[in-house]
Amino acid sequence: MSLLERAASFHGDVKNWYSYDPVTGVAIAACACFAVGLLVHLWQMIRHKAWIWCIMVIAVAMECFGYGIRIASTHDVASKQKFVAQYVLIVLAPVLMTGIIYVTFGRIVFHVVPAESRTTKLLWAPPRWITPIFVGCDIVSLLLQLVGAVMIAGTSPTDANAIDKLHHGKDIALTGVTVQIVGFGLFSVIAARFHFTSRRFKVDLEKRLQPVPGEKTVTVPGLENRKFRPQWEVLLYVVNISCALILVRSIYREIEFGEGKTGYSNTHEWVQYCFDTIPMVLLVVLYAFFPPGRYVQMSFKQTKGAAQARSSQSSDVEAAHVQAEV
Numbered sequence: 002m003s004l005l006e007r008a009a010s011f012h013g014d015v016k017n018w019y020s021y022d023p024v025t026g027v028a029i030a031a032c033a034c035f036a037v038g039l040l041v042h043l044w045q046m047i048r049h050k051a052w053i054w055c056i057m058v059i060a061v062a063m064e065c066f067g068y069g070i071r072i073a074s075t076h077d078v079a080s081k082q083k084f085v086a087q088y089v090l091i092v093l094a095p096v097l098m099t100g101i102i103y104v105t106f107g108r109i110v111f112h113v114v115p116a117e118s119r120t121t122k123l124l125w126a127p128p129r130w131i132t133p134i135f136v137g138c139d140i141v142s143l144l145l146q147l148v149g150a151v152m153i154a155g156t157s158p159t160d161a162n163a164i165d166k167l168h169h170g171k172d173i174a175l176t177g178v179t180v181q182i183v184g185f186g187l188f189s190v191i192a193a194r195f196h197f198t199s200r201r202f203k204v205d206l207e208k209r210l211q212p213v214p215g216e217k218t219v220t221v222p223g224l225e226n227r228k229f230r231p232q233w234e235v236l237l238y239v240v241n242i243s244c245a246l247i248l249v250r251s252i253y254r255e256i257e258f259g260e261g262k263t264g265y266s267n268t269h270e271w272v273q274y275c276f277d278t279i280p281m282v283l284l285v286v287l288y289a290f291f292p293p294g295r296y297v298q299m300s301f302k303q304t305k306g307a308a309q310a311r312s313s314q315s316s317d318v319e320a321a322h323v324q325a326e327v
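Here you go:
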């Protein structure tokens, strides 16, 4: 049914803001998954003092509240406010998740690579700016998707210039998702490449880590009061898997926005749950089992003492090698 046909059948009032009959049970299941994930991530953040992980906690909370409102919306499909609220929360939450993934990768690099080795050649971007650059792209993407999502979700077929509003909203949202896909695609390549380039620093890192007697944890120079698991490579795998999940979701949203309200993606509820909800639930589960704060420092600011100590120890190791060769 076209927009004009829908408008004619509504006689001035939108009877159902969805292009299908939303299923309450599936929304309840999704809300429950994210609610459990929210509690686990909140606990992990406090446990590991990973305060910057609050961004992920906020994102999971947005998903939880989004599907919670969607539950209410399934019983009141004519409510514009509920429809717009759940739509915006569900669309924007993964953008915040993308941002914290950028930060996590930056912390892995900081943890593994000595300061003097963090070069543009190693990361294909200025090390000091790699996180700000990608987070900046994420913020632009977030704002564009916010504006586009509000315009799309809030436009009624009976509104004046409804088609123009939908087209403008679609174009803005598409631009936002495109920025996210391009930025995150490049980031995914850099993160995958780091699996190979990081191997050269593995031996040096093992020398710098200080095992805690009787435990499976280590400390790093400058952060002796904090304990970490030495399996940082596990976290790097998690980052790469989460990149794939985010890309699946982003490509789906690109198609959804491109098709418009009458496209297949917008008229069949299962598509959203398969290509948005499930990937995001898997992402939340991944980081619940492998919280970044367990492996690397995730406070708001990196400890300068740790960086200086690591750089100093690395220099001492290199000096020892030189003396041995002489």
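Just so we're on the same page, my numbering is the position in the sequence shown counted from 1, plus 1. Every residue, glycine too, gets a C-beta built ideally from N, C-alpha and C.
> How would you call Phe276, buried or exposed, if buried means at least 16 neighbouring beta carbons within 10 angstroms?
Replying inline: Residue numbering aside, residue 276 sits at position 275 when the sequence shown is read from its first letter. With 16 or more other Cβ atoms within 10 Å, it is buried.
>> Going by the DSSP bridge assignment, what does Val219 pair with across the sheet?
In response: Here residue 219 corresponds to residue number 218 of the sequence shown, with the count starting at 1. DSSP lists Pro212 and Phe229 as partners of Val219.
> Helix, strand or coil: which one does DSSP assign to Lys16?
Replying inline: Taking the first residue of the sequence shown as position 1, residue 16 is located at position 15. Looking at Lys16 - three-state DSSP - the assignment turns out to be coil, as it is neither helix nor strand.
> Can you name the start and end residues of the alpha helix (DSSP H) that Arg194 belongs to?
Replying inline: For the purposes of this step, residue 194 is taken as the residue at position 193 of the sequence shown. Counting along the chain, the alpha helix (DSSP H) containing Arg194 begins and ends at Ala163 to Thr198.
> If we count the other Cβ atoms within 10 Å of its Cβ and call it buried at 16 or more, is Pro214 buried or exposed?
Replying inline: Within the sequence shown, numbered from 1, the residue matching residue 214 stands at position 213. Exposed: under 16 other Cβ atoms inside 10 Å.
>> Rounded to whole angstroms, what is the Cα-Cα separation between Val151 and Tyr88?
In response: The residue you call residue 151 lines up with position 150 of the sequence shown. The residue you call residue 88 lines up with position 87 of the sequence shown. Looking at the two C-alpha atoms, the distance is approximately 8 Å.
> Glu257 to Val27, Cα distance in whole Å?
Replying inline: Sequence index remark: in the sequence shown, residue 257 carries index 256 (1-based). Sequence index remark: in the sequence shown, residue 27 carries index 26 (1-based). Looking at the two C-alpha atoms, the distance is approximately 20 Å.
> Which residues in the same chain have their Cβ closer than 7 Å to the Cβ of Thr99, if we skip the five residues on either side of it in sequence?
Replying inline: Here residue 99 refers to the residue found at position 98 when the sequence shown is read from its first residue. The answer, listed in chain order, is Asp139, Gln181, Phe185 and Ile247.
> Apart from the five residues on each side of it in sequence, which residues of its chain come closer than 7 Å, Cβ to Cβ, to Phe291?
Replying inline: As a first step, residue 291 must be located in the sequence shown, where it is residue number 290. Closer than 7 Å at Cβ, skipping near neighbours: Val235, Leu236 and Val239.
>> DSSP three-state label for Arg119, please.
In response: Residue mapping note: residue 119 aligns to position 118 of the sequence shown, counting from 1. Correct three-state label for Arg119: coil.
> Hey, quick one: how far does the alpha helix (DSSP H) through Phe301 stretch, first residue to last?
Replying inline: Working through the sequence shown from its first residue, we reach residue 301 at position 300. It is not in any alpha helix (DSSP H) - Phe301 carries neither H nor E in the DSSP assignment.
> In chain order, what residues of the same chain have a beta carbon less than 7 Å from the beta carbon of Lys83, not counting five sequence neighbours either side?
Replying inline: Looking up residue 83 in the sequence shown gives position 82. Once the five neighbours on either side are set aside, the close Cβ partners of Lys83 are Ile70, Ala73, Ser74 and Asp77.
> Can you give the Cα-Cα distance for Ser47 and Ile53, rounded to whole angstroms?
Replying inline: Against the sequence shown, residue 47 aligns to sequence position 46. Against the sequence shown, residue 53 aligns to sequence position 52. The sequence given here places Ile at residue 47; Ser does not occur at that position. Whole-angstrom Cα-Cα distance: 11 Å.
> Rounded to whole angstroms, how far is the Cβ of Phe66 from the Cβ of Val285, which I believe are closer than 8 Å?
Replying inline: Numbered from 1 along the sequence shown, position 65 holds the residue referred to as residue 66. Numbered from 1 along the sequence shown, position 284 holds the residue referred to as residue 285. Not really, about 14 Å apart at Cβ, beyond 8 Å.
>> Taking only three categories from DSSP, how would you classify Phe135?
In response: The count along the sequence shown starts at 1 and reaches residue 135 at position 134. Helix, per DSSP.
> Can you give the Cα-Cα distance for Val183 and Glu216, rounded to whole angstroms?
Replying inline: If you number the sequence shown from 1, residue 183 lands on position 182. If you number the sequence shown from 1, residue 216 lands on position 215. Spanning the two alpha carbons is a distance of roughly 42 Å.
>> According to DSSP, simplified to helix, strand and coil, what is Tyr21?
In response: Locating residue 21 in the sequence shown gives position 20, where the first residue counts as 1. Here Tyr21 sits in coil by DSSP.
> Rounded to whole angstroms, how far is the Cβ of Trp18 from the Cβ of Val113, which I believe are closer than 8 Å?
Replying inline: Along the sequence shown, read from residue 1 onward, the residue named residue 18 stands at position 17. Along the sequence shown, read from residue 1 onward, the residue named residue 113 stands at position 112. At roughly 48 Å, the Cβ-Cβ gap does not stay under 8 Å, so Trp18 and Val113 are not in contact.
> Can you name, in chain order, every residue of its own chain whose Cβ lies under 6 Å from the Cβ of Ser20, other than the five neighbours on each side?
Replying inline: Sequence index remark: in the sequence shown, residue 20 carries index 19 (1-based). For Ser20, where only same-chain residues beyond five positions count, the Cβ hits under 6 Å are Asn267 and Thr268.
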